[in-house]
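J.:
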Amino acid sequence: METLTIDIINPRAKKLLIELMAMDLIKIRKKTTKPSLETILSKTRKYSNGALSLEEITKEVEIVRQKMYEERKDNT
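Quick note on the working numbering: the sequence shown kicks off at 10 and runs consecutively.
1. Which two residues bound the contiguous alpha helix (DSSP H) that contains alanine 22?
2. What span of residues does the alpha helix (DSSP H) with threonine 67 cover, start to end?
3. By the DSSP assignment, the alpha helix (DSSP H) with threonine 12 in it spans what residues?
4. State the DSSP-derived secondary structure class of serine 51, mapped to helix, strand or coil.
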């Protein structure tokens, strides 16, 4: 199986693709707009300075938790 990305210039081309799909010759899938977790991790790791220490991770988690608690408190 081969995967291609196609830019449709003429609406008639889309009609032809739909007809090919109806004949079970091709499958049409919409491209997802959300990046995969693997993509996100590879991008963030590329700019990483190294592994975080346990203290740094704990500090960041506490900051995020505090913000969440404050938002919940404000919404009630």
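Beta carbons are placed, not taken as given, at the ideal position from N, Cα and C, and that holds for glycine.
Predicted model only: the values in this text are computed from it and were never measured.
T.: In short:
1. As a working note, residue 22 is residue 13 in the sequence shown. Where alanine 22 is concerned, the enclosing alpha helix (DSSP H) stretches over 20-31.
2. Translated into positions along the sequence shown, residue 67 becomes position 58. Threonine 67 -> alpha helix (DSSP H) spans 63-84.
3. Residue mapping note: residue 12 aligns to position 3 of the sequence shown, counting from 1. Taken as a continuous stretch (DSSP letters only), threonine 12 belongs to no alpha helix (DSSP H), as it is neither H nor E.
4. In the sequence shown, counting from the first residue as 1, residue 51 sits at position 42. Helix.
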